[in-house]
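Here the structure comes first, spelled out in C-alpha cells, and everything after it is commentary.
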Amino acid sequence: MAHPPKLLVVTFGCQMNKLDSEVVAACLLEAGYAPTESPREADVILVNTCSVRQHAEDKAWSLLGSLRRRKQERPELVIGVIGCMAQKERERIQERMPHVDLVCGPMELDRLAELVEEVRARRERVLAVGEGHVGRAPRVVSRRPNRFQAFVAIMRGCDNYCAYCVVPYVRGREESRPPDEIVAEVQALVADGVREVTLLGQNVNSYGRTLGDGTSLVTLLRRLDAIEGLVRLRFVTSHPKDATDELFRAMAELPSVCPHLHLPAQSGSNRVLRDMNRRYTREHYLERIARLRELVPGVEVASDFIVGFPGETDAEFEETADLVRQVEFQNCFIFKYSPRAGTRAAELPDDVPWRVKQERNRRLLAIQEAIMRRRNAAMVGRTVEVLVEGASHRDPAHLTGRTSANHIVVFPGDPALAGQISPVRLVASTPLTLFGTLVQGGASRG
Ligand code: 5AD
Ligand code: SF4
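Heads up: take any position in the sequence shown, counting from 1, add 8, and you land on the numbering used here.
Set out below in C-alpha cells:
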C-alpha cells in the first residue's frame, strides 16, 4: 500500500471511554494506521459510544446518521461503532445503520484491530459483542492527555447494580487488574515523565475484591505512593457504601494521594436511595463526609446527583437540595433521570414530567453555584500549589492547572511551566475558576 490507511476515533462518555479510545488507537497505529482528525481523510472511522444516559446515545445516533452520506460517497470507508452503545444497541444499529460495518462492545476491544482487518479484507459486516459476563483481561495501556499526567484503569466492569445504571450490563462483571501489573505500569509512566496519575474504575473502592489475595485500594495506593517521582495520585469513582476510614486514613497519610474525593450521593432521600439500590442512607452518607473531613485536612468532595428518579416527590427532592446545601461540595454533576432498558428502574414508571426534572436540575445547579461562588471567593488571598497543565483554552497568554484538592486555577505565565508545580497567589474567583498570579521567587518545584 502506498499510503498507510488513516484512522479517526470519535469519543463520547466517561474517562474510561477516553482511555479505551486511546487503547484502540494505539493498537491500530501499531498495526500500521496513521492518525487523522479529518472525517474526509479517514479510511476508518470508529465511534466510541456511551449509554449512561439517553442524551449520550442521541448524540451518537446523530453522528452515525450523518456518516451515511460519507459512506455513499466513499463506499470503501470503514465505519465502526464501539463501546457501551455498541453492546446495548447492537441490533438497532445493524437495522437502522446499514452503512455501519462493525459493531464491537467494550468487552471485545482487544480484538478490534483484527476485526477492522476482517472488514477491510472481506467487505462484510462484523459484529462482536460479549455476553456481559466474560470481561476480557484489561490491557496494559494508559491514557496521557500530556507528558506529565496519565489515566490508568485498575479495574473494569461493575457488580453494584444500581437500579438506574446500565454499566453492569454493557461493561460486564467487575474485574480487577493484578497490582504488580499496575505498579509496573505506573513505574514506567513515572520514568517517562508522568507526575500525576489518576486511577480509574467504576467503583475503585472494591478494587482487589475479585483477586482474593488481600489486595485492596489501600494496599495499591501504598505501593504506588512509594514510587519515587510520582507527585500526585488520584482515584475515581468511589461508592459511599465502601468508603472506609482505612481509605480516609491512607489519603491523609500518603503524601502523593490528593485530598479530593468524588463520592456520588445520587439523592438525599432514603426512599429514593433504597429504590436506587444504593445500599446506604442519607445519614450514612453524611456521616462518611463528616469522618472524611475529620481525617483528611483540606479535603474537597465532589458528587453526582440524579433528579427525577421514578416516584421522586417534591419533598424527596427537597431532601436532596438540603443535602447539597449541608455538605457544600466543591463540585456537583447533576443529571436528569433517563430510563435505561434492561435496568431495574426501567420497570418503574418514568413518572416525573420532563419539565419537573428540568426545574429540579436548574434549582440544584443554582444552589450549588451559589456555594461554589462563596467558597471560591473565600480562597482569594491564599497561595496554592498548582500543577500547571498548559495554556488556557480561553486565553493562550494564561496557564491553567489544578491544586491537589482539584481547584482549577488560571494565571498569566510561560507555557514552559507546563508540568511544574508552581505557587500561585489567588486574586479573583468565579464559581468554577480561581485566578491568580505566580509567586515570584517562590521556588517552583520542578
Ligand atoms: N439517568 C440519569 N443519570 C444517570 N447516571 C447513571 N445512570 C443514569 C441514568 N439512567 C448518572 C449518575 C452517575 C453518573 C456517571 O451518571 O449520577 O454517577
Ligand atoms: Fe462510561 Fe458508563 Fe458511559 Fe460506558 S455507559 S461510557 S462506562 S459512563
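Beta carbons are placed, not taken as given, at the ideal position from N, Cα and C, and that holds for glycine. These numbers come from a predicted model, not from an experiment.
_Given a cut-off of 8 angstroms on the beta-carbon distance, is the pair E114 and D28 in contact?_
Just to set this straight, residue 114 is Pro in the shown sequence, not Glu. Taking 8 angstroms as the Cβ cut-off, P114 and D28 qualify as a contacting pair.
*Write down every uninterrupted run of the alpha helix (DSSP H) in the stretch 208–238 whose length is 4 residues or greater and which is fully enclosed by it, in chain order.*
Counting only runs of 4+ residues, the alpha helix (DSSP H) found wholly inside the stretch 208–238 occupies 225–233, in chain order.
*Within this structure, are the beta carbons of D250 and A171 separated by less than 8 angstroms?*
The Cβ atoms of D250 and A171 do not sit closer than 8 angstroms to each other.
*Backbone secondary structure at M163 - three-state DSSP*: DSSP places M163 in the strand class (E or B) of the three-state scheme.
*Look up N285 in the DSSP assignment and say whether it is helix, strand or coil.*
Residue state, collapsed to three classes: coil.
_Applying the 10 Å Cβ sphere with the 16-neighbour rule, what's the burial state of L440?_
So L440 ends up on the exposed side.
_Tell me the residue span of the alpha helix (DSSP H) that contains C35._
Where C35 is concerned, the enclosing alpha helix (DSSP H) stretches over 23–38.
*Could you tell me which uninterrupted beta strand (DSSP E) segments, each at least 3 residues in length, are contained entirely in the stretch 340–406, listed from first to last along the chain?*
The qualifying runs are 391–399.
*Ordered along the chain, which non-local residues of its own chain (more than five positions away) have a Cβ less than 7 angstroms from that of A158?*
Residues S150, R151, R152, L197, V202, V205 of the same chain have their beta carbon placed closer than 7 angstroms to that of A158, with the five preceding and five following residues left out of the count.
_Here's the rule I'm using: 16 or more other beta-carbon atoms within 10 Å means buried, otherwise exposed. How should E45 be labelled?_
Burial call: exposed.
*From the DSSP output, in three-state form, read off C92 for me.*
Correct three-state label for C92: helix.
*Along the beta strand (DSSP E) that carries S437, what are the first and last residues, could you check?*
Segment 429–437, the beta strand (DSSP E) holding S437.
*Near Q80, which residues of its chain fall below 8 angstroms by C-beta distance, leaving aside the five closest residues on each side in sequence?*
So the list reads H107, once near-sequence residues are dropped.
*asked:* Short of 7 angstroms in beta carbon distance, which residues of its chain neighbour P357, apart from the five on each side in sequence? Order them along the chain.
replied: The beta carbon of P357 sits closer than 7 angstroms to those of P318, all from its chain and outside the five residues before and after it, given in chain order.
*For N278, the three-state DSSP class (helix, strand or coil)*: In this structure, N278 counts as helix in the three-state DSSP scheme.
_Please identify the residue among G165, Q338, V52 whose C-alpha is closest to the C-alpha of I379._
Closest by alpha carbon: Q338.
*Leaving out five residues on either side along the sequence, give the residues of the same chain with a beta carbon under 8 angstroms from the beta carbon of M387.*
Here the set comprises H415, L434, S437, L442.
*When you compare only the Cα positions, how much space is there between T218 and Y177?*
Each residue's Cα considered, the two are about 18 angstroms apart.
*Identify the residues that DSSP records as bridge partners of P420: which are they?*
Among the bridge pairs identified by DSSP, P420 is matched with H406.
*asked:* So, under 8 angstroms CB-CB, T408 and E393 are touching, yes? Tell me the CB distance rounded to an integer number of Å.
replied: In this structure, T408 and E393 do not form a Cβ contact; the two beta carbons are roughly 15 angstroms apart against a cut-off of 8 angstroms.
*Kindly identify the DSSP beta-bridge partner or partners of D312.*
According to DSSP, which records beta bridges pairwise, D312 is partnered with F341.
*Determine the direct distance from the alpha carbon of Y215 to that of E116, and round the result to whole angstroms.*
Between the alpha carbons of E116 and Y215 lies a distance of about 22 angstroms.
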